[in-house]
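Structure first, then comments.
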Amino acid sequence: MHIDIITVVPGLLESPFSHSILKRAEDKGLAKIQVINLRDYAVGKKKQVDDYAFGGGAGMVMMIEPIARCIEALQKERTYDEIIYMTPDGETFDQPMANALSLHQNLLILCGHYKGIDERVREKYITKEISIGDFVLSGGEIAAAVVADAVIRLIPGVLNDETSALTDSFQDGLLAPPVYTRPANYEGMNVPEVLLSGHEAKINDWRFEASVRRTQERRPDLLNKQENGGSDTASNEK
Ligand code: ADE
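For the sequence shown, UniProt numbering gives the first residue as 1, with consecutive numbering after it.
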């Protein structure tokens, strides 16, 4: 998978992709992330990428010309399955959306900054708008890193244990069960007996029941979604 990310603050995206699983995905050749500095496509001597909003009001707006030049230059290199704009007024990101995006070859993500981007960019180029939650970040970079992380870890071969993404919270509409490691007894706090039994079927039953209990306690809305035939989930699978 190839993910290109357009930003005016490339430094913000250096670290997330240089460590751990995301770095391993790049090293193994399973994912390639390219961070593009929008300023390289800026107009005029001042290398301008933003301007005052027509109609007045506080805050600058990202201009269409640099973004159009940048996207069109990138489109000469590859065809994108989705051109995504990170924005708090987009569709809320969730696991089914991550699953669907992980099946693509080429993604382009545009990070907003300042007061947002000229609406005409959205009309002309953007195929999908994603929010990572009902709060406002200073820019789309951290949100783009969240989406890229959630998507890349689903690519087969990225995680060492192929099944581990399948047992994540949300993959079956349930939260993951509690997990434990050594010591089995920490200052009188014992690991549930069944996990030490070596009895795979009983362990699986315990994990499933613990998942359901945890979901009932913390996120009953997820169980309601399943009872409604997962209709919320299906609507996200664009
Ligand atoms: N940019 C600013 N806030 C955001 C959010 N919540 N999700 C995605 N992009 C954003």
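For each residue, glycine too, the CB sits at the ideal point set by N, CA and C.
N-terminal and C-terminal residue of the beta strand (DSSP E) that residue i is part of
i: proline 88; result: 82-92
i: asparagine 37; result: 32-37
i: methionine 60; result: 60-62
i: aspartate 50; result: 50-52
Local Cβ density within 10 Å of residue i, reported as buried at 16 or more and exposed below that
i: valine 12; result: The amino acid occupying residue 12 in the given sequence is leucine; valine does not appear at that position. The residue in question, leucine 12, is buried, as its Cβ has 16 or more Cβ neighbours within 10 Å.
i: residue 239; result: Lying before the first or after the last residue shown, residue 239 is absent from the chain, which here runs from 1 to 238.
i: aspartate 118; result: buried
i: alanine 73; result: exposed
i: phenylalanine 54; result: exposed
i: serine 231; result: Legend: pLDDT at serine 231 = 48, less than 50; position of this residue unreliable, no value from coordinates given.
i: phenylalanine 17; result: buried
i: glutamate 141; result: buried
i: proline 96; result: buried
i: valine 151; result: buried
i: histidine 113; result: buried
i: methionine 86; result: buried
i: arginine 182; result: exposed
i: aspartate 221; result: exposed
i: phenylalanine 135; result: exposed
i: serine 15; result: exposed
i: glutamate 227; result: exposed
i: aspartate 89; result: exposed
i: leucine 196; result: exposed
i: proline 177; result: buried
Residue range of the alpha helix (DSSP H) that includes residue i
i: leucine 222; result: 220-227
i: alanine 143; result: 141-152
Residue i beta carbon near the ligand ADE (any heavy atom closer than 8 Å)
i: methionine 86; result: yes
i: phenylalanine 17; result: no
i: leucine 137; result: yes
i: glycine 133; result: yes
i: glycine 112; result: yes
i: alanine 58; result: no
i: alanine 98; result: no
i: isoleucine 130; result: yes
i: alanine 143; result: yes
i: glycine 55; result: no
i: residue 267; result: This structure leaves residue 267 out entirely; the chain is present only between 1 and 238.
i: glycine 90; result: yes
| query | So does the stretch 149-166 actually touch the stretch 8-24, counting three or more Cβ pairs closer than 8 Å? | reply | yes
| query | Which residue spans inside the stretch 187-218 form an unbroken alpha helix (DSSP H) run of at least 4? | reply | 200-218
| At which residue ranges does the stretch 1-27 contain complete alpha helix (DSSP H) runs of 4 or more residues, listed in the order of the chain? | 20-27
| query | Which parts of the stretch 101-129 are runs of the beta strand (DSSP E), unbroken and 3 residues or longer, counting only runs that do not cross its ends? | reply | 106-111
| message | Below 8 Å, how does it come out for the stretch 79-87 and the stretch 103-115: are there three or more Cβ pairs, yes or no? | response | yes
| query | Can you find at least 3 beta carbon pairs, one from the stretch 165-182 and one from the stretch 210-218, that sit closer than 8 Å? | reply | yes
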